[in-house]
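Chains D and U are the protein sequences, given in the same order.
Mapped onto my numbering, the consecutive letters of the first sequence carry residue numbers 13 to 198.
Mapped onto my numbering, the consecutive letters of the second sequence carry residue numbers 13 to 198.
All residues carry an ideal CB built from backbone N, CA and C; glycine is no exception.
As structure tokens, the structure follows; a few thoughts come after it.
Number of protein chains: 2
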Amino acid sequence: MPRSGKEARARLEQAALELYLEHGFDAVTTAEIAARAGVTERTYFRHFPDKREVLFEGERRLTGWVTEALAAVPDEVAPWPAMRRAIDLIVPSLEESGRAGNRLAAIVATTPALRERAAAKEANLVALVAGLLVERGAPADEADLVALTEWGVLAHAIRTWRAAPGTPLQRHVDRAFALLGGLAGA
Amino acid sequence: MPRSGKEARARLEQAALELYLEHGFDAVTTAEIAARAGVTERTYFRHFPDKREVLFEGERRLTGWVTEALAAVPDEVAPWPAMRRAIDLIVPSLEESGRAGNRLAAIVATTPALRERAAAKEANLVALVAGLLVERGAPADEADLVALTEWGVLAHAIRTWRAAPGTPLQRHVDRAFALLGGLAGA
DNA sequence: GTCTATATCGCGATAGAC
DNA sequence: GTCTATCGCGATATAGAC
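If you want it as structure tokens, here you go:
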């Protein structure tokens, strides 16, 4: 058996995803996940703090994308358009991970405990974005509002995209921003 | 000891709030809460599905306020201004429950498990609002975006209000909407 | 109301990896 | 040899079944 932590971690992720899809989140025990991954239950908890977290590795990648995207926008750009540009930058990555995202969303949507975790992750992301905007020189007040609103728009666009996957995500994003501009500007 | 369910429930709430404040959420067991409330642990779980929910009774009241407020706005009013008016209607109630809200926010902010629950509650509220807007005749798409954005603005205003409690909440709300209008409209 | 499953975590020992 | 991941065992508390 390979001793490298990475492999064990990857096998645990894979095993968890399969089992959760097969039997539903609630019907699966951490012991079963560990068994399928070929490690002990104790090892599971060394890699992941609880039964849920194993599903949110993709979310960690997302935080990386957001950070990079915002860093790629010149500091002179004001918070609102800066975040707007950052969103355009991460849209292609989001579009690529569409399949995996859908599969995950299906499990999460049906399980209250997972929806809680997902909601918290999103809140953390918004807080992260607000912090990054403040680092760029934005007032805390404005940074908070911009992060909250624009991330909300992106999340909304992703939802409408899932409902109409034929259209590119970027189109949905543009449409959502235009709609909001018309509503909030008046 | 009164056997009426309501009283027991209220004592459980009180006991939980005290114990969580005294020792922190993690250091308190449901058995201790039940003991202080003078009931058995089993009774705790009859009233609340888990260790966290006992803290979110206020949130339930909030959903009631929101529903009533939206119902009080004539159906002819378009989604965005309707929600805007509904927010103005619930601001006084929010302002009254300011103290309790602050005490609760302090516990929640320091405990990841509670922040998860709070984030999920907020997401549920947004979904509820979107549903109500759809019932009023709004397209699902627009309803989702309006609920998300305007509730976000309100949440933002509550945050800035907590940071500057001298100013009335309504002032913070108006300011936040004006700020968003300037940002998103351009 | 009792009983039990199971998620979570602490600790000392062991065994691959470098 | 020194890490560091894993193992094996045990303890506790939440949550749900009967």
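- From the beta-carbon of R171/D, the residues of chain U found nearer than 8 Å are D156.
- For S16/D, there is no enclosing alpha helix (DSSP H), since its DSSP letter is neither H nor E.
- Judged by DSSP secondary structure, S105/U falls within the alpha helix (DSSP H) whose first and last residues are 91–108.
- Under the three-pair Cβ rule at 8 Å, the segment 116–126 of chain U does not count as touching the segment 96–108 of chain U.
- At a cut-off of 8 Å between C-beta atoms, T161/D counts as an interface residue with respect to chain U.
- DSSP, read as helix, strand or coil, puts A84/U in coil.
- Contact note: G197/D reaches chain U through G193, A196, G197, A198, using a C-beta cutoff of 8 Å and chain order.
- With distances taken between CA atoms, A47/D lies nearest to R23/D out of A84/D, R58/D, R23/D, E80/D.
- In the three-state DSSP reduction, P177/U falls in the coil class, being neither helix nor strand.
- Following the DSSP letters along the chain, one finds V146/U inside the alpha helix (DSSP H) bounded by residues 124–147.
- Taking all protein chains in view, the Cβ of K63/U is crowded by 16 or more other Cβ atoms within 10 Å, so the residue is classified as buried.
- By the CB criterion at 8 Å, T41/D and T161/U fall outside the cutoff.
- For A49/U, the enclosing alpha helix (DSSP H) covers residues 42–49.
- Exposed is the label assigned to T179/D, since fewer than 16 other Cβ atoms lie within 10 Å of its Cβ.
- Contact of G149/U with chain D is not assigned, every C-beta pair being separated by 8 Å or more.
- Annotation for F57/D: the continuous alpha helix (DSSP H) segment containing it runs 53–59.
- Non-local C-beta neighbours of G149/U in its own chain, meaning closer than 7 Å and more than five positions away in sequence, comprise D87, ordered along the chain.
- Of all residues in the segment 130–147 of chain D, the ones placed with a Cβ closer than 8 Å to any Cβ belonging to chain U are A131, A132, E134, A135, in chain order.
- Just so you know, the alpha carbons of G50/U and L74/U end up roughly 29 Å apart.
- A direct Cα-Cα distance of roughly 8 Å separates L191/U from E154/D.
- DSSP, read as helix, strand or coil, puts D62/U in coil.
- Shown here, A28/U sits in a helix according to DSSP, grouped into three states.
- The Cβ of D38/D sits no closer than 8 Å to any Cβ of chain U.
- Taking the C-beta atoms as reference points, A167/D is found no nearer than 8 Å to L181/D.
- In the displayed model, A150/U falls within coil according to three-state DSSP, outside both helix and strand.
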